[in-house]
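Counting the first sequence from 1 gives a position; the numbering used here is that position plus 18. All residues carry an ideal CB built from backbone N, CA and C; glycine is no exception. In what follows, a structure is listed as structure tokens, so that the remarks can point back to it.
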Amino acid sequence: MTEVESAFALLAEPVQRQLYRMGWRELRQIQVDAIRAYLGSEEDALLITAETAAGKTEAAFLPVLSKAAAARPGSVRALYIGPLKALINDQMRRVEELCGYLELPVHRWHGDVAQSQKAALVAAPDGVVLITPESLESLLINRTRQLGTLFSRLQAVVIDELHAFLGSERGLHLASLLVRLRRYHEQPSRGFRMLGLSATIGDVEVARRFLMPDAPERVKVIKQGSSEGKVVQLRLHAYEVSKEQDATETDEEDEDDSEAFSMRRSAMGRLSADLVAHCDRKSALVFVNSKADLEMYADLCNEHCKQSGLPENFLVHHGSLAREHREDTEARMKGTPGLTTFCSSTLEMGIDIGNVSMVGQIGAPFSVASLKQRMGRSGRRDGEPRRLRMYVLVPKLEPNSSALERLPVELLRAVASVELMLSGWVEPPTPASTDLSTLVHQVISSIAECASLSALELYQRLCIEGPFRQIEKSLFSRVLRCLGAKDVVEQSPSGGLILGLEGERIRASKEFYAAFLGKVEVAVLYQGNKVGTLPIDILPQPGEFLMLAGKRWSVVEADFAHSAVQVVPARRRRRAKFAGSVADIHYRVHERMREILEEDSMPVYLASEAQRMLVEARKLAREAGLGQRRLVKVGEGSTLVLPWCGSKAQRTLATAFKMQGWTVIEHSVGLEVTAELSDVRSALRSLADRTLASEALAEHIQPKACRKFDELLDDELLDVGIAHDGLDYGSACEVARMLLIHPLYL
DNA sequence: GACCTGCTGCGGGGTG
19 MTEVESAFAL LAEPVQRQLY RMGWRELRQI QVDAIRAYLG SEEDALLITA ETAAGKTEAA
79 FLPVLSKAAA ARPGSVRALY IGPLKALIND QMRRVEELCG YLELPVHRWH GDVAQSQKAA
139 LVAAPDGVVL ITPESLESLL INRTRQLGTL FSRLQAVVID ELHAFLGSER GLHLASLLVR
199 LRRYHEQPSR GFRMLGLSAT IGDVEVARRF LMPDAPERVK VIKQGSSEGK VVQLRLHAYE
259 VSKEQDATET DEEDEDDSEA FSMRRSAMGR LSADLVAHCD RKSALVFVNS KADLEMYADL
319 CNEHCKQSGL PENFLVHHGS LAREHREDTE ARMKGTPGLT TFCSSTLEMG IDIGNVSMVG
379 QIGAPFSVAS LKQRMGRSGR RDGEPRRLRM YVLVPKLEPN SSALERLPVE LLRAVASVEL
439 MLSGWVEPPT PASTDLSTLV HQVISSIAEC ASLSALELYQ RLCIEGPFRQ IEKSLFSRVL
499 RCLGAKDVVE QSPSGGLILG LEGERIRASK EFYAAFLGKV EVAVLYQGNK VGTLPIDILP
559 QPGEFLMLAG KRWSVVEADF AHSAVQVVPA RRRRRAKFAG SVADIHYRVH ERMREILEED
619 SMPVYLASEA QRMLVEARKL AREAGLGQRR LVKVGEGSTL VLPWCGSKAQ RTLATAFKMQ
679 GWTVIEHSVG LEVTAELSDV RSALRSLADR TLASEALAEH IQPKACRKFD ELLDDELLDV
739 GIAHDGLDYG SACEVARMLL IHPLYL
């Protein structure tokens, strides 16, 4: 018997029959490995990592369903946890199909599922449940009495798109929920088995610790062989942005308040014209870093098609669109080949939109991990390559600006990201060690679940058994005292902790269930139909223009009482404003950018204009010593610091300099400090020998409250969190030491 | 200079 045959033989008979019916002629290697690992042992957890469309879902569910088939009803047997409702809806169909010959019901449980369906599951717990972390949270506090029957014999928990949880508030939240859920198992010490699925694991050890915190070595890693990977076709195009060209090319439709935008307008036009040619009759996804730009590119491309007599084949998909519009875009992509969708991260994960033969990325990607995910959306069919085209706008080098300002940073970052992705590297997730906001969330939720808990029990559940293990007892009691002072918790006469008035109010709100902070948004309505949403704090006024859902609008009425803005179609091409912040770049990306400046070889995937710009940038860097020198004196009383150390450590350095009373200009790579070189060196020394403490730096960070429940904590507690997770103190100290011993500092 | 995610329970009134 071959390896494949013996793995197949391990599956339950109805599962085997269903595979025959579905026309499967073989199992993929990761499926064989997963079946053997899951059905061959009773305890180990599984981490299944393979490229998109390699059959990870089936690798997990074939063995999980086979085992579940033999268990008796009366309890949910397997739980699937997904990060998106849309993904759960897609996976529901796939799991139901695999269950074709099994007598196992498959249930969805998320915010869009009818109460009646939820009630049906609670009345007869059985089968497989597909759920979001937030709905699991709601089960724990709203259905406490039923948990014992629902999950008493739960066998397996499958976490899809595991990378989306690792290192985030939502991941910490989920980790806490899973520990709390285990208490309802009839054998809590054995509990259920964990399976994690992902295409983009930056650090296997972090993933292992997430799946089995007490025994990470018992997580079996099932990895797709590298030979099974796909051929990659790459091209990177660059467009120069210059003032002179735009003065002649902007027309009345393009009036915009921002000068920065009008400068970019003609380059965006050239980029769009190329894009229309590149996407010609291909199904494509084009990722854009901002929603305002995304709408602009869709409009420019459709306009281009209209003028050339081509069909207007460009659609949009992002988080500020009405759900109906997003579902319509998904359905059209699936049903009609040859369409292109401009999207944000909404389509980064596995929502089914049919086959995509090309992926575009406008602007340098936020991270290498995100670039990898995005590229994985193309070439899903066997034998088809992955095609990726990147497009970067590069400001024209102004002769009178400084050498640092003239560096084409975004082009360098795009090249560095591609190089790192091709080398197989992606950013490792960095879980927070001291996320007190999520701790507060779980304190409130745990008390709501149990009605009353002693402080010690609470500490035991969350910080000994649960995921908040780095939080010591003294810090935990400071948090509780703070919550007590704000009426969130109070001590009952019997000594247990119960929710106070404020705590009850927070817990009763429908916003409570997520651990992350949601934006306050208002609906944009046209003739009573929802087009999308805009952030409430920068809402357009009547008479102003905006683009949304691939159309141009003007605002006729802003109705705050009903949280709505009424719009009508308009001619003007004006961008809507969405709220935003700045991304953190990993130090390895900065380091690779510097190496690219220093190297001579030309990446083969650069188009000619991009090649010319890289040659120019290398010449500039060499003349100014930007790639080699770390501390550069620039005129009297001003020093350039070039650590190439990633944004978090660079921000930590900048804070240390600001504490000296100096003015610090923070560039994306490098700092300009109003201080003499010798003074900069002595400030670096106090970091290098750690006489400047992390807590002292944290005091100077503003704003302090940025996570969801930070408002319930005092500044002192927030500083503890910032010192641990908001800054990168360890790296900054290392970088300071390196800057001091670097031979080429002048 | 950014992107994304998620979400009760219950009471009252109407209909078949």
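(request) Pull up the distance between the alpha-carbon of Val16 and that of Leu357, whole angstroms please. (result) With the chain covering 19 to 764 only, the question about residue 16 has no answer from this structure.
(message) Could you check whether Gln391 and Glu366 sit closer than 9 Å to each other, using their CB atoms as the reference points?
(response) The residue given as residue 366 occupies position 348 in the first sequence. The residue given as residue 391 occupies position 373 in the first sequence. In this structure, Gln391 lies closer than 9 Å to Glu366 by Cβ.
(message) With a threshold of 6 Å on Cβ separation, who are the neighbours of Ala450 within its own chain once the five nearest residues in sequence on each side are excluded?
(response) Numbered from 1 along the first sequence, position 432 holds the residue referred to as residue 450. Result list for Ala450: Asp743, in chain order.
(request) With DSSP as the reference, please indicate the residues paired to Thr75 in a beta bridge. (result) Stepping through the first sequence from its first residue, residue 75 is reached at position 57. None; Thr75 has no bridge partner.
(request) Scan the segment 511–568 and note each continuous beta strand (DSSP E) run of 3 residues or more that stays entirely inside, going in chain order. (result) 515–517, 539–544, 547–553, 563–566
(request) Can you give me the Cβ contacts of Leu745 inside the same chain, cut-off strictly under 8 Å, excluding the 5 residues immediately before and after it? (result) In the first sequence, residue 745 corresponds to position 727, counting from 1. If we look at Leu745 and ignore the five residues flanking it on each side, its Cβ neighbours are Lys666, Arg669, Thr670, Thr673, Ser712, Leu715, Ala716, Ile719.
(message) Could you check whether Val652 and Leu425 sit closer than 9 Å to each other, using their CB atoms as the reference points?
(response) Residue 425 sits at position 407 when you count from the first residue of the first sequence. Residue 652 sits at position 634 when you count from the first residue of the first sequence. Going by C-beta atoms, Leu425 is not nearer than 9 Å to Val652.
(message) Between which residues of its own chain and Val176 is the CB-CB distance below 6 Å, once the five residues before and five after are set aside?
(response) Your numbering for residue 176 matches position 158 in the first sequence. The answer, listed in chain order, is Ala78, Tyr98, Leu213.
(request) Using the Cα positions of Ala295 and Gly643, report the straight-line distance between them to the nearest angstrom. (result) Here residue 295 refers to the residue found at position 277 when the first sequence is read from its first residue. Here residue 643 refers to the residue found at position 625 when the first sequence is read from its first residue. Distance between the alpha carbons of Ala295 and Gly643: 40 Å.
(message) Could you compute how far the alpha carbon of Ile159 sits from the alpha carbon of Thr448?
(response) Looking up residue 159 in the first sequence gives position 141. Looking up residue 448 in the first sequence gives position 430. Roughly 29 Å separates the two Cα atoms.
(request) Compare the C-alpha of Thr359 against each of Gly368, His336, Ala340 and name the closest. (result) Here residue 359 corresponds to residue number 341 of the first sequence, with the count starting at 1. Thr359 has its Cα closest to that of His336, out of Gly368, His336, Ala340.
(request) Starting from Ser216, follow its DSSP beta bridges and name the residues at the other end. (result) Numbered from its first residue, the first sequence carries residue 216 at position 198. Ser216 pairs with Thr67.
(request) Can you tell me which of the three DSSP states Gly739 falls into? (result) Locating residue 739 in the first sequence gives position 721, counting from the first residue. Reduced to three states, the DSSP call for Gly739 is helix.
(message) Is the beta carbon of Gln173 closer than 9 Å to that of Ala86?
(response) Here the question's residue 86 lines up with position 68 in the first sequence. Here the question's residue 173 lines up with position 155 in the first sequence. Cβ distance < 9 Å, so Ala86 and Gln173 count as in contact.
(message) On the DSSP bridge list, what partners appear for Ala594?
(response) Within the first sequence, the letter at position 576 stands for residue 594. Ala594 pairs with nothing; no bridge assigned.
(request) With His608 as the anchor, note down where its beta strand (DSSP E) starts and where it stops. (result) Translated into positions along the first sequence, residue 608 becomes position 590. Taken as a continuous stretch (DSSP letters only), His608 belongs to no beta strand (DSSP E), being part of the alpha helix (DSSP H) at 605–616.
(request) For the segment 356–422, list the alpha helix (DSSP H) runs that are entirely contained and at least 4 residues long, ordered along the chain. (result) 386–393
(message) Across the segment 491–510 and the segment 455–471, are there enough close Cβ pairs to call them in contact, namely three or more that are closer than 8 Å?
(response) yes
(request) Identify, in the order they occur along the chain, each residue of the same chain with its Cβ nearer than 6 Å to the Cβ of Val140, setting aside the five sequence neighbours on each side. (result) For the purposes of this step, residue 140 is taken as the residue at position 122 of the first sequence. So the qualifying residues of the chain are Gln164.
(request) Please classify Glu155: is it buried, with 16 or more other beta-carbons within 10 angstroms of its beta-carbon, or exposed? (result) Here residue 155 refers to the residue found at position 137 of the first sequence. Flag for Glu155 reads buried.
(request) In angstroms with no decimal places, state the Cα-to-Cα distance between Asp292 and Glu69. (result) Looking up residue 292 in the first sequence gives position 274. Looking up residue 69 in the first sequence gives position 51. Approximately 29 Å, taken between the alpha carbons.
(request) Report yes or no: do three or more beta-carbon pairs, one from the segment 414–428 and one from the segment 631–643, lie closer than 8 Å? (result) yes
(message) I'd like the span of the beta strand (DSSP E) that includes Phe494, first residue to last.
(response) As a first step, residue 494 must be located in the first sequence, where it is residue number 476. Segment 491–503 is the alpha helix (DSSP H) holding Phe494; no beta strand (DSSP E) there.
(request) Out of Ala594, Ala533, Gly561, Pro511, point me to the one whose CA is closest to Ile554's CA. (result) Locating residue 554 in the first sequence gives position 536, where the first residue counts as 1. That would be Ala594, whose Cα lies nearest to the Cα of Ile554.
(message) Quick check on Leu474: buried or exposed, where buried means 16 or more other Cβ atoms within 10 Å of its Cβ?
(response) Taking the first residue of the first sequence as 1, we reach residue 474 at position 456. Burial call: exposed.
(request) Give a yes or no on whether the C-beta atoms belonging to Gly368 and Glu114 are separated by under 9 Å. (result) Residue mapping note: residue 368 aligns to position 350 of the first sequence, counting from 1. Residue mapping note: residue 114 aligns to position 96 of the first sequence, counting from 1. No, Cβ-Cβ distance for Gly368 and Glu114 is not below 9 Å.
(request) Please say whether Gly655 and Thr709 have beta carbons closer to each other than 9 Å? (result) Taking the first sequence and counting its residues from 1, one reaches residue 709 at position 691. Taking the first sequence and counting its residues from 1, one reaches residue 655 at position 637. Contact flag unset, no.
(request) With distances taken Cα to Cα, identify the nearest neighbour of Glu61 among Arg211, Ser290, Leu195, Pro32. (result) Indexing the first sequence from 1 puts residue 61 at position 43. Comparing Cα positions, the closest option is Arg211.
(request) Output the boundary residues of the alpha helix (DSSP H) element that contains Lys103. (result) Stepping through the first sequence from its first residue, residue 103 is reached at position 85. Run containing Lys103: 103–116, per the alpha helix (DSSP H) assignment.
(message) Using a Cβ-Cβ cutoff of less than 6 Å, which residues in the same chain neighbour Thr167 once the five nearest sequence positions on both sides are dropped?
(response) Counted from its first residue, the first sequence places residue 167 at position 149. Result list for Thr167: Pro143, in chain order.
(request) Could you tell me if Thr150 is buried or exposed, where buried requires 16 or more neighbouring beta carbons within 10 angstroms of its beta carbon? (result) Within the first sequence, numbered from 1, the residue matching residue 150 stands at position 132. With 16 or more other Cβ atoms within 10 Å, it is buried.
(request) Give the straight-line distance between the Cα atoms of Leu65 and Ala217, rounded to the nearest whole angstrom. (result) The residue given as residue 65 occupies position 47 in the first sequence. The residue given as residue 217 occupies position 199 in the first sequence. Whole-angstrom Cα-Cα distance: 11 Å.
(request) Leaving out five residues on either side along the sequence, give the residues of the same chain with a beta carbon under 7 Å from the beta carbon of Ile53. (result) In the first sequence, counting from the first residue as 1, residue 53 sits at position 35. The residues are Ala25, Leu28, Leu29, Leu80, Pro81.
(request) Kindly confirm or deny that the segment 431–443 and the segment 373–388 touch, where touching means at least three C-beta pairs closer than 8 Å. (result) yes
(message) Could you compute how far the alpha carbon of Glu616 sits from the alpha carbon of Tyr605?
(response) Reading the first sequence from its first residue, position 598 is the one you call residue 616. Reading the first sequence from its first residue, position 587 is the one you call residue 605. Near 17 Å, if we compare the C-alpha coordinates of Tyr605 and Glu616.
(request) For the alpha helix (DSSP H) containing Phe169, list its first residue and its last residue. (result) Numbered from its first residue, the first sequence carries residue 169 at position 151. Element bounds for Phe169: n/a, residue is neither H nor E.
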